[in-house]
Amino acid sequence: MSAQLRAAGALGPVAQRVTLRAIRPYHSQLPTGGLQRTEHASRALRRSMRFPANSYHNAVIVRNASFIRLLPKLALKFARIPALFGTMMIGGVAWIQYQAIQVSNSAQEVFGNVRDTVTTTASGLWGSAVDIAEQTKRGWDNTKEEFELPEWLGNLFKSEGGPEGGNNNGSGPGRPEPPKKAKMGAAVGASAAAYGYDDAAEEDDRTPEEISKDDQMMYMTKMMIEIRNLLQKVGQSSTVSLPSIVVIGSQSSGKSSVLEAIVGHEFLPKGNNMITRRPIELTLVNDPKVSADYGEFPDLGLHRITDFSLIQKNLTELNQSVPERECVSDDPIRLTIHSPRVPDLSLIDLPGYIQVAGENQPRELKRKISELCDKYIRGPNIILAISAADVDLANSTALQASRRVDPRGERTIGVITKMDLVDPEKGAAILSDKQYPLRLGYVGVISRAPQQTGLFKRDTGALLRQISKNEKSYFSTHPEFGPDSGVNIGTVTLRKKLMHVLEQQMSSKLQDTTAAIQRELEETSYQFKVQYNEEPMTAEAYLAASLDDFKHAFKRFASSFGRPQMQQLLKEALDQRVLDQLAAKYWNKPIEDLSPAPFEPENIADLPKADPDSQFWHMQLDTATSALTRLGVGRLAATVVANAIQANVDKLVNKSTFAKHPSARQVINEAAATVLADRSYTTSDGIEFSLKPYKYEVDIQPQEWSQGRDHVAGVLKMELDQCQRAMGNLENSVGGKRKLKEVMNFVDKARKGEIIVEGETRNGAGGFSAALLQKGREAVFLRDRADIINMRIMAVKSRQCKSLENKYYCPEVFLDAVATKLTQTSVLFLNVEMLNDFYARFPREVESKLGEQMLGGGLERFASEDPRIRRHLDLIRRKELLELVLSKIEGLRRFHRADDDVAGAHDHHGHGHRAYNGNLGKKSSSSSGSGSSRGRFGF
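Residue numbering for the sequence shown is 1 to 939, as defined by full-length UniProt numbering.
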């Protein structure tokens, strides 16, 4: 069968089944057309032709018909793919368009771009992808501090910006440089950011000369705030001080909102139950080079806190640390905020005035708050009196308090909050400064930003922008606050006013402050010369000198403490062990009761005449020798030497300057204990290994026997002296020698059996009390012990104990010689393993541990522990601070004179466009009086 036939036979049934499946009854009943009519015609043709032998052709025809039938489905599927991608593209671009519009809303409102606002509402009318990117870039440029965009979009902006774009915050050293004409571009950015023009809803229309003067004023204010902070460290009377801005007002007057608007962040505690309980000394530092605003609590050691909610939490906890029974405290909280968008200001926020104390508050709370505020609003500080517009100024507690200390209103700035809660006519009348005039005037603000809803939450860093928008939307719609009204409105105006007034007040007090500082410096220099002969001193030098003195003393100790001293200490310890063995094996036992003494077949008194081969006395000496060699000489030697070294180190510390420093003393003792403990186990183990042969046999040489004989006589004599002293103490305790002798006679008769004591009770016996009988038994024991020691001293000195062969007759001499051999062997190992290692490591360990303790302000605390050194260092530090303040003041004067010379030259050559008062930040009367050309919200 050919391959073609096999293929035809195999394909035939398949083709037939396909044809049968394709022909269904309902196809013939429905009208057909197009592709269906063609398919029906082809099936009819196949039925009429019927090729029985070649079913392969039928398969081809069926395939063609099936492909034609699938064409509509394939077309529909292929049509869905581009539709899907197109829908996704449209949705993605529309989403980007929506996000871009939301991001750029802030910039659009600044420039009044109505076309973009229409685009926001009609999101269907969007342009090409390039238009979207350009619009997003505009929104990013104006609101990059408020929102974060995707990374790919940020990279797109960077690539389009070129090398000139990017961060314009500036760089350079920490100390700000005076602005110069050559740096006018950077100066414009710095002053505009500090005033708030970058974040506000109004334009900066200052002339170049005004911008230059403002930048110079900023530099001078920054320098004077630095001088003020240095003067605070001097810690003297108010004669050496510079003013700050003290913020006072009633509770719920908007005081916190005004401060947050000035800073540009929400960071103050919020609540109803008098959250501010301690003064908050707030220092704002204009730092153009920082990329993110941050706060610091210098007294707490908390630095670079970029999360202002965490700052708010810390302030709340610090305020709540004041007990409720006290409610207020005069202990200030010091907070420093660094930002390129804040002016250089020194502010003090105080607790708000109250009218009536609450139920859970002390009755004297109102008086305490008033006294605390009066303490801060005294001269030369500037008073920022906060009052709400909906409260009559006649009832303003802040103005009443300021009138008490500043009746002429020369250093009080009135701030009227909640201007949108009163009629415009009434608000303008309050700001007109007629009924309750203040020399520095009033500023009206709406310091609370409106609540924002939508996709994006308001960024706390853009608080000033939100407030400025809100203020502009209100004030611009009321002609009472127009350019010709002559009133000051807006948070930006308040910022500028505070900067100028603070600079003016500081400048006015600078000359008096300089004279006071010079007097303080002269007095301090005189005291430094009289008390300390102008001897320089630092905490580092004091620590180094103390450590050097201690090292020299330790070196002298090391040269005087060596092998002889260790041998003496260890031999004394082993002598006591020898006496213990003699007392246990040879001497008398303590008397426990008044029963007759038991018979002893072998008595120490019979030892000189005993049999040389007596097994009893041989066993006694061998047992005592074994116990002496196996008592743990290694650990005993290491412990004795370590304790001696530790005691000597403690003596050295007591004689050094470290005796006045408990923490340093503890560190030195711990260093000694650490080094000794590291070598104690190794040393004791090595000693035990070296003494192992003596545990089996001790070979004593004649010379060693002779030395032991001489030495043990002295040891026994010392033991005899101790017995005699103990006997004397007993005689004194019972009332005399005679009384004690009577008791001892009674005890002796009872021990000999001459008196039968049936049983000693708590009431005593024989007419003696139980306590007296106890004393009598001790006296009899000491007398018998002294008799035995006297006898053994005579035996040691006798001819019998002169020879080594009679060691069993002279156990004292033999045990002493054994102790001497143990001592000599142990000392060799102690000298190498413990003492030399300690002398090498201990000084380094002391330096290391003291260095660890001095970290984190430990060095200053160490020096302050000595009262004499503390007074010396305080005087030097005070002198250095006063000299530094004078140098900064002199630099400020040089800068001011140079500025005046430049200004005079410009006035002479006619380069100045308008006369300008740098202190107050206003144009002089020669310019257009109302100042409307400076902007509707300008100063």
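Built from N, CA and C at the ideal position, the CB exists for glycine as well.
query                                                                                                                                   : result
C-beta contact flag for Val-258 and Ser-447 at 7 angstroms                                                                              : yes
Rounded separation between residue 941 and Gln-701 - CA only                                                                            : Only positions 1 to 939 of the chain appear in this structure, which leaves residue 941 out of reach.
Residue 953, enclosing beta strand (DSSP E) - first and last residue                                                                    : One cannot answer for residue 953 here, as it falls past the ends of the chain, which runs 1 to 939.
Residue environment, Gln-703, which counts as buried when at least 16 other CB atoms sit within 10 Å                                    : exposed
Beta-bridge partners of Tyr-442, as assigned by DSSP                                                                                    : Gly-414
Distance CB(Arg-870)-CB(Ser-864) smaller than 7 angstroms                                                                               : yes
Helix, strand or coil at Gly-249 [DSSP, three-state]                                                                                    : strand
Opening and closing residue of the alpha helix (DSSP H) in which Arg-799 lies                                                           : Here Arg-799 belongs to no alpha helix (DSSP H), and DSSP marks it neither H nor E.
Chain-order list of residues whose beta-carbon lies under 8 angstroms from that of Phe-528 (same chain, five-residue window excluded)   : Glu-534, Leu-875, Ile-876, Lys-879
Sheet register partners of Arg-334 (DSSP bridge)                                                                                        : Glu-281
Pairwise C-alpha distance: Leu-510 and Arg-403                                                                                          : 25 angstroms
Pairwise C-alpha distance: Glu-471 and His-478                                                                                          : 11 angstroms
DSSP three-state assignment for His-618, whether helix, strand or coil                                                                  : helix
Whole-angstrom distance between Arg-563 and Asp-650, CA atom to CA atom                                                                 : 21 angstroms
Three-pair Cβ contact test at 8 angstroms for the region 812-829 versus the region 559-579                                              : yes
For Arg-304, the first and last residue of its enclosing beta strand (DSSP E)                                                           : 302-305
Contact the region 305-315 vs the region 262-270: 3+ CB pairs below 8 angstroms                                                         : yes
Distance between Lys-555 and Asp-622 (C-alpha atoms, nearest Å)                                                                         : 45 angstroms
Closest by C-alpha distance to Glu-327, when choosing among Ser-339, Arg-841, Leu-302, Ile-354                                          : Residue identity check: residue 327 is Cys in the sequence provided, not Glu. When only C-alpha atoms are compared, the closest one is Ile-354.
Asp-390 versus Lys-418, Thr-682, Pro-601, Phe-781, residue with shortest Cα-Cα distance                                                 : Lys-418
Contact the region 279-288 vs the region 333-342: 3+ CB pairs below 8 angstroms                                                         : yes
Limits of the unbroken alpha helix (DSSP H) element including Asp-678                                                                   : 662-690
Proximity winner among Asp-606, Ala-771, Val-885, relative to Arg-792 (alpha-carbon distances)                                          : Asp-606
Alpha-carbon spacing of Ala-428 relative to Arg-363, whole angstroms                                                                    : 38 angstroms
Distance, Tyr-586 Cα to Asn-603 Cα                                                                                                      : 8 angstroms
Rounded straight-line distance, which links the Cα of Leu-855 to that of Ala-726                                                        : 55 angstroms
Three-state secondary structure (DSSP) of Ser-546                                                                                       : helix
Spatial neighbours of Ala-553 in its chain, beta-carbon cut-off 8 angstroms, leaving aside the 5 residues before and after              : Leu-652, Lys-655, Ser-656
Straight-line Cα distance separating Leu-772 from Glu-592                                                                               : 14 angstroms
Cα-Cα separation between Lys-589 and Ser-803, rounded to whole angstroms                                                                : 29 angstroms
Cut-off 6 angstroms between Cβ atoms - residues of its own chain near residue 941, not counting five sequence neighbours on either side : Any question about residue 941 goes unanswered here, given that the chain covers just 1 to 939.
Opposing strand residues paired with Leu-345 [DSSP bridges]                                                                             : Leu-284
Through-space distance from Ile-369 to Thr-397, alpha-carbon basis                                                                      : 12 angstroms
Close beta carbons around Pro-596, own chain, < 8 angstroms, minus the five adjacent residues each side                                 : Ala-750, Arg-751, Lys-752, Gly-753
C-beta contact flag for Ile-382 and Arg-411 at 7 angstroms                                                                              : yes
heavy atom of the ligand GDP below 6 angstroms from Phe-561 C-beta                                                                      : Although the ligand GDP was asked about, the structure shown includes no ligands whatsoever.
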